[in-house]
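Respectively, the protein sequence lines represent chains A and B.
My numbering applies: residue 29 is where the first sequence begins, and numbers increase by one.
My numbering applies: residue 29 is where the second sequence begins, and numbers increase by one.
Each residue gets a CB set at the ideal place from its N, CA and C atoms; glycine is no exception.
2 protein chains.
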Amino acid sequence: MFACKSAKMASVLMKSKTNHISEKVEEMGIIIEQMGYAPVPGRIVSYLLISEPPYRDFYEIQGFLKASKSTVSTTLNQLMQQGVVSYITFSGDRKRYFQINTKGLLDTIKQQYKQARVINNMVSEVLEHRKNSEFQRFNKELKEVINFSSYIHNGIEKMIKDWDKAHR
Amino acid sequence: MFACKSAKMASVLMKSKTNHISEKVEEMGIIIEQMGYAPVPGRIVSYLLISEPPYRDFYEIQGFLKASKSTVSTTLNQLMQQGVVSYITFSGDRKRYFQINTKGLLDTIKQQYKQARVINNMVSEVLEHRKNSEFQRFNKELKEVINFSSYIHNGIEKMIKDWDKAHR
DNA sequence: ACATTGGTTCGTTTTTTGCCGAACCAAAAA
DNA sequence: TTTTTGGTTCGGCAAAAAACGAACCAATGT
């Protein structure tokens, strides 16, 4: 009886807490989705970010997300391959506990910003290709785009380099 | 006969040039796809960027892409709504000539970089949420991520502000 | 007035994405 | 040795995204 009541209270507490976290995971998940991920990976990353403890085993993740084993498995493996998630183990416990790999996360974010180079290259190539164009007015406008793009690109590059230097 | 030969030569020339441009459009298209666009919009933007003249009518675009009228129509309208494409007209010619709106393109690129704020906010919120966590080691690692994220975010913000100031 | 041009609209097809379930497997426990 | 645990793999399916085609329309040309 007492045990039952206690379990019930725990469940109620759990539930409200879980709901709160659920909401957070949901909204953070959407933000992550918008940076080009599918819903489930977004939710897993969100969950591992705000979960206390910050590591969870396979079935905890699956239970929280209410997703299938296969989905959780493949998604975790993708995230691990990407370096955003890793796992720890505890001796005498066969489970793997998945967690955010903050170093990998940082690298991924860094990598994103380095993408500035790609667009900068592209747009520079365009101007190179158009150098003998009859439409210098357009070229001049394009140059403005390239100027901005290089300006940002160089700035980001420098910032990252400085950061790396300071944190080595 | 002469006319025929000339047409043939033109066609051959055209073809090689078109192929060259085709390749470029294709690869630039992929880059643009990777920033979250579908293939056709990517190709249209690419085409208008490197085409000489830098404006093309509806049927030129359609013919070059070998896409359906409907696809071209809706895509052009989307791009115009986004501000990346606009059109010009010539008197005595009913056609619209579509072209890149460099100002709109610049704004779109700018907007992309401003997205840095979103991830920075999210990750800051995570730390706020975890402030009483038992896992200070993880929190410390997260702080590193946040530091980088804010650092880049502030840098980008400042760069854009400076750019806008200098180009007003 | 009729035909043509320069598109637009909308219902349909095609392709891709995201996720699931069931069967499967290796390591550990019983 | 058999069972259980902690996953993995693969075929399939439903929904969403992308592209299409045919019918349509307004403005211009004849």
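Three-way DSSP call (helix, strand, coil) for residue i in this model
{"i": "Y115 of chain B", "result": "strand"}
{"i": "D192 of chain A", "result": "helix"}
{"i": "F126 of chain B", "result": "strand"}
{"i": "M87 of chain B", "result": "A small correction: the amino acid at residue 87 of chain B is Tyr; Met does not occupy that position in the sequence shown. Y87 of chain B: helix per DSSP, three-state reduction."}
{"i": "M37 of chain B", "result": "Legend: pLDDT at M37 of chain B = 36, less than 50; position of this residue unreliable, value from coordinates given subsequently. Reduced to three states, the DSSP call for M37 of chain B is helix."}
{"i": "P20 of chain A", "result": "Coverage of chain A is limited to positions 29 through 196, which leaves residue 20 of chain A absent and any answer about it impossible."}
{"i": "C32 of chain B", "result": "Model confidence at C32 of chain B stands at a pLDDT of 28, short of 50, so the residue's coordinates are unreliable and nothing is read from them."}
Within chain A, partners of residue i - CB distance below 7 angstroms
{"i": "S161 of chain B", "result": "E80"}
{"i": "E169 of chain B", "result": "T130"}
Neighbour-count burial assignment, residue i, 16 or more Cβ in a 10 Å radius
{"i": "T102 of chain B", "result": "exposed"}
{"i": "Q164 of chain A", "result": "exposed"}
{"i": "F176 of chain B", "result": "buried"}
{"i": "T117 of chain B", "result": "exposed"}
{"i": "R196 of chain A", "result": "exposed"}
{"i": "R158 of chain A", "result": "buried"}
{"i": "N148 of chain A", "result": "buried"}
{"i": "A194 of chain A", "result": "exposed"}
{"i": "V146 of chain B", "result": "exposed"}
{"i": "R71 of chain B", "result": "buried"}
{"i": "L41 of chain A", "result": "With a pLDDT of 42 at L41 of chain A, under the threshold of 50, the predicted position of this residue should be treated as unreliable, though the coordinate-derived value follows. That one is exposed."}
{"i": "R122 of chain A", "result": "exposed"}
{"i": "A35 of chain A", "result": "With a pLDDT of 34 at A35 of chain A, under the threshold of 50, the modelled position of that residue is not reliable, and the figure given next carries that caveat. So A35 of chain A ends up on the exposed side."}
{"i": "A144 of chain B", "result": "buried"}
Contacts that residue i makes with chain A (C-beta to C-beta distance below 8 angstroms)
{"i": "G64 of chain B", "result": "G64"}
{"i": "M187 of chain B", "result": "Y179, I180, G183"}
Residue i: contacting residues in chain B (beta-carbon distance under 9 angstroms)
{"i": "T117 of chain A", "result": "Going along chain B, no residue has its Cβ under 9 angstroms from T117 of chain A, so there is no contact; the nearest lies around 17 angstroms."}
{"i": "M56 of chain A", "result": "M150, E153, V154"}
{"i": "R124 of chain A", "result": "Simply none; closest approach about 17 angstroms."}
Contact list for residue i against chain B, beta-carbon separation under 7 angstroms
{"i": "Y141 of chain A", "result": "I180"}
{"i": "L77 of chain A", "result": "V154"}
Nearest neighbour of residue i, chosen from the options [CA to CA]
{"i": "N197 of chain B", "options": "A:H195, A:L77, A:S98, A:L155", "result": "Because chain B in this structure spans residues 29 to 196, residue 197 of chain B falls outside the shown range and cannot be described."}
{"i": "S161 of chain B", "options": "A:I89, A:F163, A:S79, A:E156", "result": "A:S79"}
{"i": "M108 of chain A", "options": "A:I184, A:I58, A:N129", "result": "A:N129"}
{"i": "P82 of chain B", "options": "A:E169, A:E185, A:K138", "result": "A:E169"}
{"i": "V53 of chain A", "options": "A:L93, A:I147, A:K171", "result": "A:L93"}
{"i": "K171 of chain A", "options": "B:M187, B:I72, B:K131", "result": "B:K131"}
{"i": "S152 of chain A", "options": "A:L134, A:Q143, A:S178", "result": "A:S178"}
{"i": "L134 of chain B", "options": "B:L155, B:G183, B:I188", "result": "B:I188"}
Expected contact under 8 angstroms - CB spacing of residue i and residue j to nearest Å
{"i": "I180 of chain A", "j": "Y141 of chain B", "result": "6 angstroms"}
{"i": "S50 of chain B", "j": "I60 of chain B", "result": "The pair is not a contact, with the Cβ atoms about 15 angstroms apart (cut-off 8 angstroms)."}
{"i": "T136 of chain B", "j": "G111 of chain B", "result": "7 angstroms"}
Chain-ordered chain B contacts of residue i [CB-CB under 8 angstroms]
{"i": "I59 of chain A", "result": "V146, I147, M150"}
{"i": "I215 of chain A", "result": "Any answer about residue 215 of chain A is impossible in this case: the structure gives chain A only from 29 up to 196."}
{"i": "I27 of chain A", "result": "An answer regarding residue 27 of chain A cannot be provided, because it is not within the stretch 29 to 196 covered by chain A."}
{"i": "F176 of chain A", "result": "L134, I137, K138, W191"}
Beta-carbon neighbours of residue i, restricted to chain A and to distances below 9 angstroms
{"i": "N172 of chain B", "result": "Position check: residue 172 of chain B holds Glu in this sequence, whereas Asn was assumed. Those within 9 angstroms of E172 of chain B in chain A are T130, K131, L134, H195."}
{"i": "F166 of chain B", "result": "P81, P82, Y83, Q127, I128, T130"}
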